[in-house]
Structures are given as structure tokens and as C-alpha cells.
Amino acid sequence: MAQLTLEKLTKRFGTSIGVESLDLSVNEGELVALLGPSGCGKTTTLRMVAGFLPPTSGRVLFDREDVTQLPAYKRATGMVFQSYALFPHMSAADNVGFGLEMRGLNAAQRKTKIDEALKLVRLSHLADRLPRQLSGGQQQRVALARALVINPRIFLLDEPLSNLDAKLRAEVRLEIRALQQRLGLTTLMVTHDREEALTMADRLVVMDGGRVRQIGTPQQLYDSPVDAFVADFVGRCNILSGRRANEREFRTTGGLLLPTDVASSERDDADAFALRPERITVVAGETGEVRGRVQAITYMGAQTEYVVALGDETLVAVRPTPDAGEPLAALKPHDAVSLQWDRKVPRLVPQTSK
Amino acid sequence: MALLVVPACLLVLALLIGPMILMFRISLNQFSPTQLMVQALSPDNYIKAATDPYYQQIILATLGIALLCTLLTLILAFPAAYWLGRMESRWKSLVVIATLFPLLVGNVVRSAGWMALFARDGLVNTSLLKLGVISAPLEIMYTTKAVIIGIIAVVLPYMILTLSAVIESIPRDLEYAAANLGASGARVFWRVILPLSGPGVAAGSILVFVLCMNTYATAVLLGGPRFKMMAPAVYDQFVRGNNWPMGAALAFMLLAVTMAFTVFGSVAFARKYRTG
Amino acid sequence: MLFRFTGQLSFGQFAVRTLIAVAYAIIFAPVVMIVMTSFFAQEIVSFPPSGLSLKWYANALSKPEFLRGLVTSFQVALLATAIGVPLGTAAALAIVRGEFRGRQALSSFLLAPLAVPGVVAGSGLYMFYVLAEDLLDRDIKATTEGLVAAHTLLAIPWTVRLVVASLQGLDRAAEEAAANLGASPFTVFRRITLPMMRSGIVAAAMFSFIQSFENLDLSMLLVGPGRITLPVAMLNYLEFRIDPTLAAVATVQIALVGLLMVITDRFVKLSRVV
Ligand SMILES: Nc1ncnc2c1ncn2[C@@H]1O[C@H](COP(=O)(O)OP(=O)(O)O)[C@@H](O)[C@H]1O
Ligand SMILES: [Mg+2]
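So the protein lines, in turn, are chains A, B and C. All the letters of the first sequence, read from the start, carry residue numbers 0 to 353 under numbering that gives the first Met the number 0. All the letters of the second sequence, read from the start, carry residue numbers 0 to 275 under numbering that gives the first Met the number 0. All the letters of the third sequence, read from the start, carry residue numbers 0 to 273 under numbering that gives the first Met the number 0.
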């Protein structure tokens, strides 16, 4: 396994930006996820690493070796495609063996490795099936085995779970992560699904419009987003625009004063107040500092969502669904409530960090 | 609703099926130089076509040329079809139309173009002379070579359009996946693109083979009066020999070969890629 | 071409590009050659030209066989299109929208004329016409009617193919929605179905006209003195010589086909029809 380094990697399509000056390094055995809305340049980045797309400028390094000019077929990256890209005219075993064949292994050597790889993804019994005779999940595992069997220097995943149904997705997510950790694969993954990124990655790269917004661990991104875009993209978030009023309060454009601790904001240009719904406590009655009226209550199983109107603004709070008999259980729309949170939790961030 | 198909069907019945049955019947008659056609029910004309060296040679030459042209066309068309199939720019529709255009211009016009090129002091000879490749003008007109080039020019667009439609339907990711696994360009072609183009190769080859078998204008104009293929031979039987039974038999054989290939092709492969 | 990269061209890529160039050179060479020749000043086709001239066009016009051929071909193509396209469209409509058995077989039947070699169909029609002339005691061969009838065999299958394709790509829901909004079946046809078929019909008309206009194989045996189509007239001329006069005539045909394609392409994207 190698370390992957991208230096000022840039791709322009004519005048439009695909990826702009991306700096990133993925350590040996680390899984880094590129996360961002569709069209932000994730796939373009991955394709430049794989060698399918020549960068406009910048470099791609595997360990200290500059591979920017190396054609795709000499890079030894193992890629799992969003569409799986299994060869439809070859059996599962032949798909897995293709890379080995290209490396000049004879049939006997290939067989051993194919068997091993198929066993790794629990598909030994389906080795002779054609891709169209396999379910989506099985196809995905063949694609995984095919990419892993060649001992890739870098492991690349392009939205690997997006073609699976929700239940399977959660399962495969854990499976891939376990495999990646066990084999110590240096992995670059692309996804637009934040849950996928948060649960699988060691570090995340949030991108927008071809540029990096923030790089960090899931925790860092979730709790300390650098701007409103990241805050919103990484998880559900109340974002209110305005300015800080003093050291302990934020004034929204609607004139509402919200408790905060300005020390938690590292930036002077902060013009937004970001607070995650699950960090807000809802108390029945007009007792606290921040008071409002319930607009809507949505039951979501284990949790319940409260939309609370505070003058012209609204805040959303998500709480564990209260048991019958608790004060909150009796709450109805139009009831008065007050909201509370730890002052140190809200982030004061710029709307955009450009 | 069903009534709407009746007029079209009646036309095809009267003008195609009827004459084909008539033709088959006439092919069983016999020819006499004095009475022209004598009523009979015998397979003599077919036997003659199969055993008489004159006809044998025409049939074999036609099959040989058709086979050779199909093969050469396939080799020549594949890169162009790949290029066209993978093209994503706005030029694509222009290239498709440009490929289609010569096809619609007609074979007589294109044969005339080759005649002008292949003439003793045509562009080909004068260019080669000037470049010093040859010292005396080549006799290209009225050779098998000229006919083969002319036929390839006629059928190339069909092959390119048929193949490119199939290549277009092969996901590009398969090529990337193969490269990712270590396959160079040539290996991607042999192991992924070619096998997956199979249906297009088969459909295009059958279509082109049939078109080659039925070549008329190109054979007559570029091959000259002594060059014989099936279609000109059929024509000659009617116009020069006034021998309806033999002409009908030859035509029917041509029809049988064409139909056999076409039906086989359409049963084995989707027909939608046929362009003409 | 595959994985074209920043580096220089490999031998394989070079070979592939050469083949593409050769293929398109072969496709275009004869057409380009004819157009060029028609503007050359000298009588014998040779290189380099001694000058440029338009006199061969005037010369072509003065040759009655070409002028009459042009008129005949135009007439025949126009009439065959006018008859074949409506019949083919009606059949296509029934095949796609009807609910009776054997529609697939009917469609194959109507496409059959495309699969029959032109020389074969032409021979059959020739014998059929000659025998019918004896029975009916009137001319059929070498008449406009006889040629038009034969050429509807080109128009019908092309129309069926193109209109069926244009109808199959369309959603039935629009028609159902119109009916649901209170449109009578005739109104639904006129306001919804017919506009949806338009691109197919336009393309069918173009293909029918061009296929008829440039047809040689089917028509060869059905022409006669005074009723010769342009391609047959050109063929007869070419059996003796190739000269700039013929090139001028051929260029007129090339221009006509090109013009028709350009006009059609404004209505329907030809690259999507074929
Ligand atoms: N081949 C291309 N030609 C032109 N623009 C492209 C091409 N590929 C991608 N783009 C553009 O580059 C941007 C990034 O695309 P992509 O990397 O596919 O985004 P993502 O994978 O994050 O959804 C998009 O705006 C896209 O339109
Ligand atoms: Mg993408």
C-alpha cells in the first residue's frame, strides 16, 4: 500500500472548472472520502488519480513517485465503479482474473488468487455465473474482489453503494470498511451521501464547485464546520443569518438574540449561526431565555422533531420521543415552549468561505 | 384500425409477392431460341446454373468478391465506427449525416466518381506519376481491384453506422475498468470492445455481404462489360438473351441467398441497427 | 484513441487514425471527385485541370436524355412518395396503436421490399408488367404509372420503419390525457398523435423521395424509350465514357440530395432518425 498525494491538482473543461487546485494526502491504510453535491468534482478527482483523465495542472503522487504522466493501465490502482463495470461477457471468476491475466499470471496462479478473492467477498459458490445472473449486491462484491485481487497500490471507490437498496447499503458499508481496515488499504472514496461518508471515512473532504471547503475527521466536520455550507452538508443544521451582538449573544437579521459564546467562533467574518437540531433541548412552558411557539411536531419513531417559531425565525429541534406522561408528550402545536442549549455548542460561521 | 394496413399490404402483395411467385414459376419453364419461353415444370435452369462452368464462375466470383469486400469493410469500418460511437461533441450529428450522405447520393454517381479517379490520366495515376511511385499509368479501370474499391465505398457507411450504434451502447466504464486492471489500449480492444461488439459485427457483416452480392452499377461501370457478377448476369438474361427462365432462375437464387442471410441475421440479432 | 494521453501517439493510435482517415477518404473521394470534375474546363477528365468552367452544366441541359431523365425521376419520386408515405403511415399507425393479432408479422411483411434485391424485384416486375400488358392490352412498362407503382415498393417500407420507430418512442399517456380532458378520438388524432408522428413522416418522405430518385436496380428493366429515369440515363451514358457533362448531371443529383437532407434536418434530427 502506498500513500497518495495530490498537489494543486486542477482540471478545467474548456473554461469551466472541474477541480481547482486540490491539495490532499491520504496516508497508508487511511480511508478518505470526497463528499459534496453532484457536480462538485468528486468523480473528476478520482478519475485523475486512476489516470483516466489528464490533469490540466498539478501532480498525482503514489508514495514519492510522480504518476501524473503514467497511463491508467500502469498505475495499479484498484477501482470499484459506480456502475460496477463488470465485463458482461465474462463469468464472475473471469472478471476477477482479468487483472491477474494482464499481469501475466498463468491459469493455475490465477485460480488460487481468484478463489481467495471470491472467498473474501463470500461468492465462491457463484464463480461461474455471468454478471447478469447476479443480484446487485453480488455484482458489487465481484467488483470489489476484482479490484482487490491485484493488490492495488491505491484503492478507489466511486459511489460504491449508490446502486444498492437501503438495507443492503448499511450492511455493505460495514463490510467494506472492515475489509479496508483489515487489509490496510489506502483508500479514496467518492460519495454524495453524508451518512456513508461519516460512518466509513477516517477523514472527509467536503467539496463544492471544484474547490475544497474543509478537510477533517467526521467529528471535526460535524462539530466545527468552517462555514454554513459544510455545516449544512455534513448533517442537518439550523442556520440563521445575522451578526454577533456581543460576547455572549448573536443577533439574527430578524432581531432575535440567541445565546452563544463568541469565543467558539474563530472567524471575524461570521455572519451565520449554526446549531444542530439534536443539541437543542425543548422545555414546555415559557421559562427559559429563548421562547417560542410550537409550529409542528413530527413523530419519527425513536425521535420527534419540533419546529418552533421564534418571532419571524424558526428553529428545528430533534429530541428522543418522550414517554407517555412526560411533559413533552402532551405538547401540541401553538403551545408555548422555551429552547435551551449549551452556549459553547453553536458555531458562528461565514455563510460561504470563499 | 386493422383496416389501415390493408392498402399497403395489397400493394406489397401485388407488386412484390405476386411477381416473385410468377418469377419462380417462370424459372421452371424452358427456353428455346425460337419460341423464347416454353411452358414446363423442370429444375433444369437451376441445375444448369449450378453445373455450367459459365454460371458457376459467376456465382463463385460473386461470393468471393462479397466475402472479401465484407472482410475489408469490417476492418476499415471498425476504427471509424469506434470513433463515431464514442464521439460526444456536437459534431457527432454532423459526422453521422456526412456518413449517410454519400449513401443517399446513389451508386451510379459514386461509380462515376471512381471512373474519373481511376481513368488513365485521372487523379490517381497523375498523382502517382508525379510522386514517382510509378513510371507508366496503371490500368485500374475494368479490373477486379477497381470493383472491390467501388463496392467497399458503397457499403462502408452501412457498416460504420451499424457498428457505431452497437459500440455506443457499450458502457465506457468497461474500457476504464479494463485499463484500471492493467489492460493496454490494444488489449482493451481485443478483450472487451471486440467481444461486446459481436452482435454489431454480425449484423453489419450480413447486411454488407448481402449488399455486395447484389452489386450492379459498380460492377458494370468499374468492371467493364466482361466482368461478371450475379446481378448484371440476371439483367443480361432478360435484356440481351431474352431468356426469361434462366434470368428468373438466377434471380431466384440471388433472392434465396439474400433472404437466407437476412432472415438468419434478423432472427439472431436485433434488427433495429439496420440502416438501409 | 483509446486513453489518449498527454504523451505522443503510439503506433496503435497512429494506425487507428490512419484507418479512420482512409475509410472516410474512400467514402467521400468519388463524390468530391465528381463535383470537382464538373467544373473542369477540358473535355477529357485529366489532372491538373486546364481551367474552370460552367459550360458543362449548359451542355448537360442541352442533352435531352438528361433533361428528360431529370423530369421523369422527379415526377416518379414525387408521385411514389405522395402515394407510398400516406399508405405506409396508415399501416404504421395500425401496427403500433392497433390491437389485433399478427402485427409483428405484418410489420415484417411490409418491410420485406427492403430485403429483396433491387435487380430481383425489378426482374419480377418486368415479367409481371409484360404479361399484364398482353392481358390488358395497354402499356405498363416504360410508363410513369409503372415506374411509380414500382417505386412505392421503396416508399412503403421506409415509411413503415421510420414512422413505427417515431411512434414507438412516444408515450401513450399524452393521448389518454387528451381523451380524459374530453377530446374526441378524431381530435386526439389530429391534435396529439399526428404531431407526434410528424418527425417520422418528414423523414419518411425524404428517404422515400431520395431512394426513388437515385434508384437504379429496381428501375433498370422498367424504363423504355422516352421514359428513362436519371440514374438509368447516366448509366447508359457512362457505359461509353465519363466526361464533365456527366459529372455536371451527377453534381445536380448530389446537390438535390444534399439540399433535401439539409431541409429535412431542420425538421428532424437526421442523426437520430437513422
Ligand atoms: N468531460 C467533461 N466535459 C465537460 N465538463 C465536465 C466533464 N466531466 C465533468 N465535467 C464538469 O465538471 C464538474 C465536476 O464533475 P464531476 O467530477 O463529475 O462531479 P461529481 O462527481 O462531484 O458529481 C461538473 O460541473 C461537470 O459538469
Ligand atoms: Mg460523480
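A virtual CB, placed ideally from N, CA and C, is assigned to each residue, including glycine.
> Quick check: the region 148-164 of chain C against the region 211-220 of chain C, are there 3 or more CB pairs under 8 Å?
Replying inline: yes
> Which of the residues in the region 68-90 of chain A, read from start to end, lie with their CB under 9 Å from any CB of chain B?
Replying inline: Pro70, Ala71, Tyr72, Lys73, Arg74, Ala75, Thr76, Gly77, Met78, Phe80, Gln81, Ser82, Tyr83, Ala84, Leu85, Phe86, Pro87, His88 and Met89
> Looking at the C-beta of Ala1/B, does it have a partner C-beta in chain C at a distance below 8 Å?
Replying inline: yes
>> Against chain A, with Cβ distances strictly below 8 Å, would Val191/B count as a contact?
In response: yes
> Grouping DSSP H, G and I as helix and E and B as strand, with all else coil, what is Gly223/C?
Replying inline: strand
> Interface residues of chain B around Ser270/C at Cβ under 9 Å?
Replying inline: Lys91, Ser92, Leu93, Val94, Val95, Ile96 and Leu99
>> By the three-class DSSP mapping on this structure, what secondary structure does Asp368/A have?
In response: Here chain A covers residues 0 to 353 and nothing more, so residue 368/A does not appear.
>> Taking a contact to mean a Cβ-Cβ separation below 8 Å, would you say Lys10/A touches Gly17/A in this structure?
In response: yes
>> Quick check on the DSSP output: the alpha helix (DSSP H) that includes Tyr234/B runs from which residue to which?
In response: Met229 to Val238
> In chain order, what residues place their C-beta within less than 6 Å of a heavy atom belonging to ligand 2?
Replying inline: Lys41/A and Thr42/A
>> Taking the alpha helix (DSSP H) that Pro198/B belongs to, which residues open and close that run?
In response: Gly197 to Met212
> Which residues, in chain order, does the region 103-115 of chain B contribute to contact with chain C at a C-beta distance below 8 Å?
Replying inline: Leu103, Val104, Gly105, Asn106, Val107, Val108, Arg109, Ser110, Ala111, Gly112, Trp113, Met114 and Ala115
> Hey, out of Leu2/B, Ala182/B and Leu9/B, whose CA is closest to Glu98/C's CA?
Replying inline: Leu2/B
> In terms of DSSP beta bridges, what is Arg346/A paired with?
Replying inline: Ala273/A
> With a cut-off of 8 Å, do at least 3 Cβ pairs link the region 232-249 of chain C to the region 55-67 of chain C?
Replying inline: yes
>> Beta carbons nearer than 7 Å to chain B: which residues of the region 96-117 of chain A have them?
In response: Phe97, Gly98, Met101 and Arg102
> Going along chain C in order, which residues have a C-beta closer than 9 Å to the C-beta of Met86/B?
Replying inline: Result: empty, since nearest Cβ-Cβ is about 11 Å, beyond 9 Å.
> Three-state secondary structure (DSSP) at Phe39/C?
Replying inline: strand
> Around the C-beta of Gly13/A, are 16 or more other C-beta atoms found within 10 angstroms, so that it is buried, or is it exposed?
Replying inline: exposed
> How many Å lie between Leu113/C and Leu259/C at the Cα?
Replying inline: 21 Å
>> Three or more C-beta pairs under 8 Å: does that hold for the region 180-189 of chain A against the region 98-109 of chain A?
In response: no
> Residues in the region 182-211 of chain C with C-beta within 7 Å of chain B's C-beta atoms, listed in sequence order?
Replying inline: Ile209
> Going along chain A, which residues have a C-beta under 7 Å from Leu173/B?
Replying inline: Ala84 and Phe86
> Is any beta-carbon of chain B found at less than 8 Å from that of Lys10/A?
Replying inline: no
> From Asn245/A, Pro54/A and His191/A, pick the residue whose C-alpha is nearest to that of Pro159/A; which is it?
Replying inline: His191/A
> For Leu9/B, does the count of other Cβ atoms within 10 angstroms reach 16, so buried, or fall short, so exposed?
Replying inline: exposed
> Bridge partners of Tyr298/A, per DSSP?
Replying inline: Thr303/A
>> Could you compute how far the alpha carbon of Arg189/C sits from the alpha carbon of Thr313/A?
In response: 53 Å
> At a cut of 8 Å, does the region 81-88 of chain A reach the region 128-144 of chain A through at least three beta carbon pairs?
Replying inline: yes
>> Please tell me whether Val267/C has its Cβ less than 8 Å away from any Cβ of chain B.
In response: no
> Within 8 Å (strictly less), CB to CB, does Val21/C reach chain B?
Replying inline: yes
> Can you tell me where the beta strand (DSSP E) with Lys10/A in it begins and where it stops?
Replying inline: Leu3 to Phe12
>> Helix, strand or coil for Leu63/A? Go by DSSP, reduced to three states.
In response: The amino acid occupying residue 63/A in the given sequence is Arg; Leu does not appear at that position. Looking at Arg63/A - three-state DSSP - the assignment turns out to be coil, as it is neither helix nor strand.
> From this set, Ala230/B, Met212/B and Val104/B, which residue's C-alpha is nearest Ala259/B's C-alpha?
Replying inline: Met212/B
> Can at least three beta-carbon pairs, one atom from the region 260-279 of chain A and one from the region 237-246 of chain A, be found at a separation below 8 Å?
Replying inline: yes
> Is Phe12/A near ligand 1, with its Cβ less than 7 Å from a heavy atom?
Replying inline: yes
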